[in-house]
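*Asks:*
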């Protein structure tokens, strides 16, 4: 076969020229001459007229390359040089002269240990060597691109740096690991790129970078080379304090107040004409953070912010798992937002989606022409509810991908924890499937053993790497041990959302007060299992969409009754064992269902009932933070005692919460009917004087002002199985919280 240059025959030259050659590094670049002691330089530069080789160190011209075919393949021997050296190609085009540092002259920078851990499924920082990372090789600065596609036949990097030409930058294959990489100098931050992958099936796929840290706004879907600018964090004191809490049980989050404000950044507030523009991170710093602090919340929880193409997914169908969404600013803007939160003692949790991913053709689906990230069998790999794909958790490299993504958000952005979406769908192979639509595990059961192994590793690794964080599961079944430590056989989460409590209590408040006495157990049943897990009581976005109605519109009655009931219900929630979470808008009684395409209805605060609701939640939060009895023993029966859970006829509940001392207790009275009760005797656990610290029926909240201004003295009259008691007035549809004034 005729050779047009050393190493290169006509067929190979055509393959290079038409983008079909899979091993460009073996021929292009600089190599030792096969038949002499000299060197050979070959390159492919379409539209080039003339190419010189210039020594990078001396800046001297070493050779002129000969054009070997009309498509742009150049090559020449350098007989007088024996040692490989770094060089620049001086390229003459019809209208310009460019100096190009040939990427094919650089060896791979992949570290064997990094690659080994990736293939083992235990790599936590895969994003540091996959994706697009700035680096320097032999004094030459550029970007190292790397992607995992073990079944690909050939991969090209296409983008602004090469006019999206699949022939220009072909990646080097590493068959043992399935990785492909290339180092490219002469690129700039902000350039768009994709991986053009010739799949195992021969089809060419243009894919976004799975590890891209920045992506093009929809409808575009290219990855973007990030800036080299490093953010200067100012939250070192916060991180040190967070880590040190793990050493003291009393300071750990389980013994601390946790009131979470769940936020969808795209619709909390909007700006611009018609409210069509998103707030950017600086505006969120200026407005959201002060609001959350004023309202007394201890934590922010951001709904997913990994890049997602479809606004209507709310972020739960992400394509760019490592890319903060363009909607609110760049990555450093997000860092600044979290930094400001920490500097004001506000923790930030991130809603994270490892349960499934969308089928967008530029995403992970059939990434290299095979079912790489997902299962091939739809009985394992497709989610019937959301028409999405399920990760193959049993594949080691997929585990490394997801573990690294969790690590990335906690490390690079200083999030204080992750809330995992749809954990139940991960745990069960038959989740939302009928008979015959799922495959059992190796033992014949319905448990997804690979997902269980992934979750336990995830929690163990993240808690070890970031002491003091919180890992939270949205898990809706009775799976045992969700919050049990991994070394005790549990999944290892710090908290689990209490979906049962939420469903029961929302059904209760949706009933007419006259019928509530027949469903009293819907308020009390939660205490049967309240201490089996470490629960968060969550009234999330899921409860105010898809025709479910807003929180306040679930409640029957006129306007006054609705607001009074909601105040009493939230008072019950804040008094109940378990940490708290409420979705934005619920704190002021938003009337409309949540709409992700518009701002909350802040104008409602011009009305007294909505302002009163907001004031009630604010005062609840601040009182909660100042009252250890309400949070110290959230997950232990020692922190709770029923005083009266059997008053079905009056729909009244009375219970006590306890801290670490006799004076550290609170008595909570909930009346869920419009009836007023004067001279109501309530059992008291100690011989103390009590005061009414909060009353949702106070006129300042929009109530009827049935309040208890006087000190309530514990009398030596046993009541409700308590040694002492006192007499109070209980307003309609109200919550009262009593706390001691002094020890007698």
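In my numbering, the protein residues as written are 207 to 950. Just so you know, even glycine gets a beta-carbon here, dropped at the ideal spot from N, CA and C.
(1) Counting C-beta neighbours from all protein chains within 10 Å, is the total for residue 633 16 or more, i.e. buried, or is it exposed?
(2) Should residue 734 go down as buried or exposed, given a rule of 16 or more other Cβ atoms within 10 Å for buried?
(3) Assuming residue 460 contacts residue 740 under a Cβ cut-off of 8 Å, what Cβ separation, rounded to an integer in Å, is found between them?
(4) On a CA-only basis, which of 718, 695, 732 is nearest residue 710? Give me that one, please.
(5) Of the choices 797, 505, 424, 929, whose alpha-carbon is the least far from that of residue 757?
(6) Do residue 663 and residue 609 have their beta-carbon atoms positioned less than 8 Å apart in this structure?
(7) For residue 484 and residue 543, I'd like the C-alpha separation in whole angstroms.
(8) In whole angstroms, what is the alpha-carbon distance linking residue 902 and residue 890?
(9) What would DSSP say about residue 506, mapped onto helix, strand or coil?
(10) Output the boundary residues of the alpha helix (DSSP H) element that contains residue 814.
(11) Out of curiosity, what's the CA-to-CA distance linking residue 811 and residue 603?
(12) Report yes or no: do three or more beta-carbon pairs, one from the segment 387-395 and one from the segment 407-416, lie closer than 8 Å?
(13) Measure the C-alpha to C-alpha separation of residue 482 and residue 805 and round it to an integer number of angstroms.
(14) With a threshold of 16 other CB atoms inside 10 Å of the CB of residue 443, please say whether the residue is buried or exposed.
(15) Based on Cα-Cα distance, which residue from 398, 247, 339, 361 lies nearest to residue 384?
(16) So what's residue 338 in DSSP terms, helix, strand or just coil?
(17) Quick one: measure Cβ to Cβ for residue 519 and residue 801, integer angstroms, because I've assumed they're closer than 8 Å.
(18) Suppose you measure from the CA of residue 858 to the CA of residue 724; what does that come to, to the nearest Å?
(19) Can you give the Cα-Cα distance for residue 514 and residue 219, rounded to whole angstroms?
(20) Looking at the unbroken alpha helix (DSSP H) that takes in residue 610, where does it start and where does it end?
(21) For residue 436, which of helix, strand or coil comes out of DSSP?
(22) Are the CB atoms of residue 293 and residue 259 nearer to each other than 8 Å?
(23) Who are residue 701's beta bridge partners in DSSP?
(24) I believe residue 944 touches residue 872 by the beta-carbon criterion, under 8 Å. Please report the beta-carbon distance rounded to the nearest angstrom.
(25) Between residue 501 and residue 598, what straight-line distance do the alpha-carbon atoms span, to the nearest angstrom?
(26) Quick check on this structure: which residue in 323, 529, 576 has the alpha carbon closest to the alpha carbon of residue 403?
(27) Use the C-beta contact count for residue 822: other C-beta atoms within 10 angstroms, 16 or more gives buried, fewer gives exposed.
(28) Which class does residue 390 belong to by DSSP, given the choice of helix, strand or coil?
(29) Does the count of Cβ pairs from the segment 273-288 and the segment 304-313 closer than 8 Å reach three?
(30) Label residue 665 either buried or exposed according to how many other C-beta atoms from any shown protein chain fall within 10 Å of its C-beta, with 16 as the threshold for buried.
(31) Could you check where the beta strand (DSSP E) with residue 848 kicks off and where it finishes?
(32) With DSSP as the reference, label residue 877 as helix, strand or coil.
(33) Give me, in chain order, the residues of the same chain whose beta-carbon lies closer than 8 Å to that of residue 885; leave out the 5 immediate sequence neighbours on both sides.
(34) Cα separation between residue 923 and residue 695?
(35) Just to confirm, are residue 708 and residue 774 a CB contact at a threshold of 8 Å?
(36) If you draw a straight line from the alpha carbon of residue 425 to that of residue 529, how long is it in whole angstroms?
*Replies:* This is what the structure gives:
(1) Classification for residue 633: buried.
(2) Classification of residue 734: exposed, given that the 10 Å Cβ count is below 16.
(3) Yes, residue 460 and residue 740 are in contact; Cβ-Cβ is about 6 Å, under 8 Å.
(4) When only C-alpha atoms are compared, the closest one is 732.
(5) Relative to residue 757, the option among 797, 505, 424, 929 whose CA is nearest is 797.
(6) Their beta carbons are under 8 Å apart, which means residue 609 touches residue 663 by this criterion.
(7) The C-alpha of residue 484 lies about 15 Å from the C-alpha of residue 543.
(8) Each residue's Cα considered, the two are about 21 Å apart.
(9) Strand, per DSSP.
(10) From DSSP, the alpha helix (DSSP H) with residue 814 extends over 814-831.
(11) The straight-line gap from Cα to Cα measures roughly 51 Å.
(12) They do not touch, by the three-pair rule.
(13) A straight-line Cα-Cα distance of about 9 Å links residue 482 and residue 805.
(14) By the neighbour-count criterion, in which a residue is buried when 16 or more other Cβ atoms sit within 10 angstroms of its Cβ, residue 443 is exposed.
(15) Checking every option, the nearest Cα to that of residue 384 belongs to 361.
(16) Residue 338: strand per DSSP, three-state reduction.
(17) Contact doesn't hold; Cβ gap of about 14 Å is too wide.
(18) Spanning the two alpha carbons is a distance of roughly 12 Å.
(19) Using only the alpha carbons, I get a separation of about 41 Å.
(20) Counted as a single uninterrupted DSSP element, the alpha helix (DSSP H) harbouring residue 610 occupies residues 602-618.
(21) In the structure shown, residue 436 falls within a coil segment according to DSSP collapsed to helix, strand and coil.
(22) Yes, these two residues count as a Cβ contact at 8 Å.
(23) Residue 701 is bridged to 678.
(24) The pair is a contact, with the Cβ atoms about 7 Å apart (cut-off 8 Å).
(25) Their Cα atoms are separated by approximately 42 Å.
(26) The shortest C-alpha separation from residue 403 is found at 576.
(27) Buried, since its Cβ has 16 or more Cβ neighbours within 10 Å.
(28) Secondary structure of residue 390 (DSSP, three-state): strand.
(29) Contact between the segment 273-288 and the segment 304-313 is absent, because fewer than three Cβ pairs lie under 8 Å.
(30) Counting Cβ neighbours within 10 Å, residue 665 comes out buried, since at least 16 surround it.
(31) That run of the beta strand (DSSP E) goes 846-853.
(32) The DSSP-derived three-state label of residue 877 is strand.
(33) Here the set comprises 933, 935.
(34) Cα to Cα, residue 923 sits roughly 48 Å from residue 695.
(35) The Cβ atoms of residue 708 and residue 774 lie no closer than 8 Å to each other.
(36) Their Cα atoms are separated by approximately 16 Å.
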